[in-house]
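Asks: Respectively, the protein sequence lines represent chains A and B.
Sequential numbering of the first sequence, starting at 1, is according to this note's numbering.
Sequential numbering of the second sequence, starting at 1, is according to this note's numbering.
Glycine residues also receive a C-beta, built at the ideal position from the N, C-alpha and C atoms.
Structure below; questions to follow.
Protein chains: 2
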Amino acid sequence: MDDQLVEAKRHFVEGISRISNFWGFPKAMGALFAVIYLSPTPSTLDEMVVEVGVSKGAVSTNIRSLERLGMVHKKLVVGDRKDYYLAETDFWKIVKGILREREKNEFDKALQSVGESLELVEATPAHEESQQTQAFYKERMTALKQFFDSLDNVVATLLAIDDIKNSVLKGLFNR
Amino acid sequence: MDDQLVEAKRHFVEGISRISNFWGFPKAMGALFAVIYLSPTPSTLDEMVVEVGVSKGAVSTNIRSLERLGMVHKKLVVGDRKDYYLAETDFWKIVKGILREREKNEFDKALQSVGESLELVEATPAHEESQQTQAFYKERMTALKQFFDSLDNVVATLLAIDDIKNSVLKGLFNR
DNA sequence: TACTTTGTTTAGTTTAAACTAAACGTTCAA
DNA sequence: TTGAACGTTTAGTTTAAACTAAACAAAGTA
């Protein structure tokens, strides 16, 4: 293939790897997505081992992460035991999927513990000597909780807007 | 101090540490912010060493990260060589600051390389045998670039809306 | 039944981030 | 001018994530 295209692909894969890394994912995971995304035909595990240059095990685990995020899709071919993978090309869909899934993950557990801390403070019987501290904690924790709740609302609103676009309007105008 | 308040604080600090960790920052950095945020008086380095339970060096480097993100502010007291730190309590301001700073960081360098890859593809002279590949790369890279540009626009819009709120309206109604 | 071909899991290794302890530079006070 | 009180930097260590190699399980094929 044309050298310049090979170079363009290499550069692209490297860029996506860096983005992956920036968001706290393994570099190999980004590289993997980039390779699948730039492949005109569905990719197999062994192809990816060659393309990305990591072990079979690493491809196997990373591809599962990508699938969980909805960034790639497994495509099964009848009479063929290989797994084929395709890239999701609707990036907004990926983002929305991740936002929708967030309740289940570590992130919301953490947010919850802010709420729990606040409840603890509020449930504390007022003691003469620690009353000021209690009031201060309450104020600060409430402020942070409100911020998180607002963030939640922003996200929920964005998702709702998108839902309307996709259901109501599609229904109205029949696509 | 009241045991229950101590426990509430501990729980809060742990929660923020986990959030910090989730976003790819050191856990100690989150703990540090939480401690400062819950302190009614400005915090000094040595206090934080005790409160968070890490070394002076770790506090020093982590506090600098927090400052860079605009999450804490150094407060100098005349006739006192200690540095005092206060927490930023306007979280939207923190978020906006981070969004505004993002051009300078690793993230945008990565986005740029997607654009560069596309340019490489477009600058490739059309060869008979690789023409289809070239067209495919161009299509995929363009789609991704457009997504990134849209994201950029969303962010820019949000920032602009906020600027209007803060300047025009404030001016009109004189706060 | 044994052998291939596939993807997954596991035990151990590598690597990079975050930490500690201690040296250091600076500033002020005595 | 020495020493104490700071915050920062550095050299080395610890720790956790991500990887490799290889064993493995499943499912088909000869």
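If we ignore side chains and look at the alpha-carbon of each, how far apart do Glu-101(A) and His-127(B) end up?
Replies: If I take the Cα positions, the gap works out to 45 angstroms.
Asks: Would Asn-105(B) be called buried (16 or more neighbouring beta carbons within 10 Å of its own) or exposed?
Replies: That one is exposed.
Asks: Starting from Lys-74(A) and walking both ways along the beta strand (DSSP E), at which residues does that stretch end?
Replies: First-last of the beta strand (DSSP E) with Lys-74(A): 72-76.
Asks: Please list, in chain order, all residues of the same chain as Asn-21(A) whose beta carbon is under 8 angstroms from its beta carbon, the five residues on each side excluded.
Replies: Lys-27, Gly-30, listed in sequence order.
Asks: Run through chain A and tell me which residues come within less than 7 angstroms of Ala-28(B), C-beta to C-beta.
Replies: Within 7 angstroms Cβ-Cβ: nothing; Ala-28(B) doesn't reach chain A, min ~15 angstroms.
Asks: Who are the neighbours of Thr-89(A) on chain B, taking C-beta pairs under 8 angstroms?
Replies: Neighbours of Thr-89(A) on chain B, chain order: Arg-140, Ala-143.
Asks: List the residues that DSSP assigns as beta-bridge partners of Asp-83(B).
Replies: Bridge partners of Asp-83(B): Leu-76(B).
Asks: Taking Phe-33(B) as the query, report the chain A residues whose CB atoms sit under 9 angstroms from its CB, ordered along the chain.
Replies: The premise fails here: Phe-33(B) is roughly 10 angstroms from chain A at the closest Cβ pair, so nothing lies under 9 angstroms.
Asks: Provide the residue(s) that pair with Ser-39(B) in DSSP beta bridges, ordered along the chain.
Replies: None; Ser-39(B) has no bridge partner.
Asks: Compute the Euclidean distance between the alpha carbons of Asp-90(B) and Ser-17(B), then round it to the nearest angstrom.
Replies: Looking at the two C-alpha atoms, the distance is approximately 19 angstroms.
Asks: Classify Arg-175(A) as buried or exposed, calling it buried when 16 or more other Cβ atoms lie within 10 Å of its own Cβ.
Replies: The predicted position of Arg-175(A) is uncertain, since its pLDDT is 46 and thus under 50; a value taken from the coordinates is nonetheless stated next. Exposed, because fewer than 16 other Cβ atoms sit within 10 Å of the Cβ of Arg-175(A).
Asks: From Val-77(B) to Glu-116(A), what does the alpha carbon distance come to, in whole angstroms?
Replies: Looking at the two C-alpha atoms, the distance is approximately 36 angstroms.
Asks: Taking the alpha-carbon of Thr-61(A) as reference, which of Leu-32(A), Lys-82(A), Asn-153(A) has the nearest alpha-carbon?
Replies: Checking every option, the nearest Cα to that of Thr-61(A) belongs to Leu-32(A).
Asks: What is the C-beta distance between Tyr-85(A) and Ser-43(A), in whole angstroms, given that I count them as a contact (C-beta under 8 angstroms)?
Replies: Yes, Tyr-85(A) and Ser-43(A) are in contact; Cβ-Cβ is about 5 angstroms, under 8 angstroms.
Asks: Skipping 5 residues on each side, what residues in its chain have a beta carbon closer than 6 angstroms to that of Ala-87(B)?
Replies: Excluding positions up to five away in sequence, the list reads Ile-36, Tyr-37, Val-72.
Asks: Is Thr-142(B) helix, strand or coil when you go by DSSP?
Replies: Thr-142(B): helix per DSSP, three-state reduction.
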